Amino acid sequence: MNDKKGISPLIATVLIVGFTIVLAVLVITWISGTVNDQTNLADCQADVGNICLAAVGSVTGGFAAATTVFTVTNQGSTGYDDVNVVFLDGAGSTVAGPLPVAVTQLGAFSSTAVDYGAALPFKARIITTVSSDVGEGCKMDCAAIEITK
22 MNDKKGISPL IATVLIVGFT IVLAVLVITW ISGTVNDQTN LADCQADVGN ICLAAVGSVT
82 GGFAAATTVF TVTNQGSTGY DDVNVVFLDG AGSTVAGPLP VAVTQLGAFS STAVDYGAAL
142 PFKARIITTV SSDVGEGCKM DCAAIEITK
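Residues 22 to 170 in the numbering used here are what the sequence shown lists, from first letter to last.
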């Protein structure tokens, strides 16, 4: 007698097809999510790049004994979220910073005297940060602007 037990070929085929479909849906969902994330990042970078090009007009400033005063002009229609200053010595090593600077959202603003301690810096690097409404959490730094002593 033939008393073999097991699943029928029809049920095995249905199970294999079902697993394949579920696996395909998972892979497609993962790939589309990855592509959307990359597209959103590229859109964010492009929009922030345009905001930075339009916003950063000029930076002027000067060094004194233990402080520096500078003016950053925003010529764009979008305000800065943050402005940080890093002070560097002649070799490019950080003397102080990054130090946050209080800013108004639009237009030109001048810093108050920023105290960088006893070491006299050679350069001040101003880093502005802007946001874009292209994607959620789209906030990036613009290119750093340097003032040299």
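Beta carbons are placed, not taken as given, at the ideal position from N, Cα and C, and that holds for glycine.
As the structure is a computational prediction, the values presented were derived from the model and not from experiment.
Cut-off 6 Å between Cβ atoms - residues of its own chain near residue i, not counting five sequence neighbours on either side
{"i": "Ala145", "result": "Thr89, Val106, Phe108 and Ile168"}
{"i": "Asp103", "result": "Thr150"}
Closest Cα partner of residue i within the set the options
{"i": "Leu74", "options": "Val43, Gly100 and Val56", "result": "Gly100"}
{"i": "Thr94", "options": "Ile32, Lys160, Thr149 and Cys159", "result": "Thr149"}
{"i": "Gly113", "options": "Gln59, Ser29 and Lys170", "result": "Lys170"}
{"i": "Ile147", "options": "Val56, Pro121 and Ala33", "result": "Pro121"}
{"i": "Gly97", "options": "Asn71, Thr34, Gly118 and Thr115", "result": "Asn71"}
{"i": "Pro119", "options": "Lys25, Ala165 and Gly39", "result": "Ala165"}
Proximity of residue i and residue j at Cβ, strictly below 8 Å
{"i": "Ala5", "j": "Val151", "result": "Residue 5 cannot be examined here, being either before or after the span of the chain that is shown, 22 to 170."}
{"i": "Cys159", "j": "Cys65", "result": "yes"}
{"i": "Asp58", "j": "Ser153", "result": "no"}
Nonlocal neighbours in the same chain, by C-beta distance under 8 Å from residue i, ignoring five residues either side
{"i": "Gly111", "result": "Phe143"}
Residue i, enclosing beta strand (DSSP E) - first and last residue
{"i": "Ser152", "result": "Lys144 to Ser152"}
{"i": "Ala117", "result": "Thr115 to Val122"}
{"i": "Glu157", "result": "Looking at the DSSP string, Glu157 is not in any beta strand (DSSP E), and its letter there is neither H nor E."}
{"i": "Thr169", "result": "Ile166 to Thr169"}
Proximity test, Cβ basis, 8 Å: residue i and chain B
{"i": "Gly97", "result": "Among the chains in the structure shown there is no chain B, since it carries only a single protein chain."}
* To do: Enumerate, from N- to C-terminal direction, the unbroken alpha helix (DSSP H) stretches of 4 or more residues contained entirely within the region 47-79.
  => DSSP runs (the alpha helix (DSSP H)) wholly in the region 47-79: none.
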